[in-house]
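These notes are about the structure you will find just below.
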Amino acid sequence: MKRLRTRVAVFALIVIVGLVVDRLSKLWALSALQYGKQIVCIPNSLMLSLVRNGGASFGLGSGLTSFISIVAILACVAMLAAVRRTKSLQWTIVLSLAFSGAFGNLIDRAIYAEHFFDGKVVDFINYGWSVGNVADIILAIAGIWFVGLILFETPFKPGESDDESSGESAGESASENTSENADENAAENTSEVTVENTDESNN
């Protein structure tokens, strides 16, 4: 129960912080930046420029806004279910980051929508090859961490396999003890019968 509360607290903290930072950064971009103009931070590498993105993270899938929104909603529901099932703190952190990033962009699609979740996401971090936002960065971190957990085979429910092995070992031990006790009882009964038969023969 204590571990569950810890995971819930971690999930809530990461999601709230991620959403707040993403939302505030987008509001700042809308008020401080102008469409078509750039603020150069690192020449040819990092600039600030305001754009509206109808696609997925980093401008991918432009023109599929409603479809991407549906996928994002389903993904958020799946991540909530996964957070509830996992017993791993690392998996909880990764799922929390992914949920925060996906939900952050989903908020834009909802509040700026003219039809069903077809609003365009506010992007302003220009890398030269793509434009993104804080939510995209959070999603990228979650994706890299996710791959790392898969490669290092980090268990989704740590300790479960150990418990199963312990249960199997306990079952095997109980079976062995039962067999040994049965053999001992059978041997004792045989000895008693033999003694009784011997006494009867002598009589």
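The sequence shown begins at 1 in the UniProt record's numbering and counts up by one.
No residue lacks a Cβ here, since even glycine has one placed at the ideal position from N, Cα and C.
Residues of the same chain with a CB within less than 6 Å of the CB of A75, apart from the 5 flanking positions on each side, are A102 in chain order.
The Cβ atoms of I125 and L48 lie closer than 8 Å to each other.
A straight line joining the alpha-carbon of T65 with that of L106 spans about 10 Å. Taking 8 Å as the cut-off, the beta carbon of S96 is found closer than this to the beta carbon of I14.
Apart from the 5 residues on each side of it in sequence, I73 has no Cβ closer than 6 Å to any other Cβ in its chain. Nearest to G128 by alpha-carbon distance, out of L33, N44, F11, is N44. Within its own chain, the residues whose Cβ lies closer than 8 Å to the Cβ of L30, once the five positions on either side in sequence are excluded, are L50, V122, listed in chain order. In terms of CA proximity to R84, F11 leads the group F11, G159, P158. A Cβ-Cβ distance of about 12 Å is found for the pair F152 and V94, leaving them out of contact under the 8 Å criterion. Using a Cβ distance threshold of 8 Å, L27 and W91 do not count as a contacting pair. Per DSSP, the beta bridge partners of L50 are Y35. In the structure shown, G148 falls within a helical segment according to DSSP collapsed to helix, strand and coil. D118 is not bridged by DSSP to any residue.
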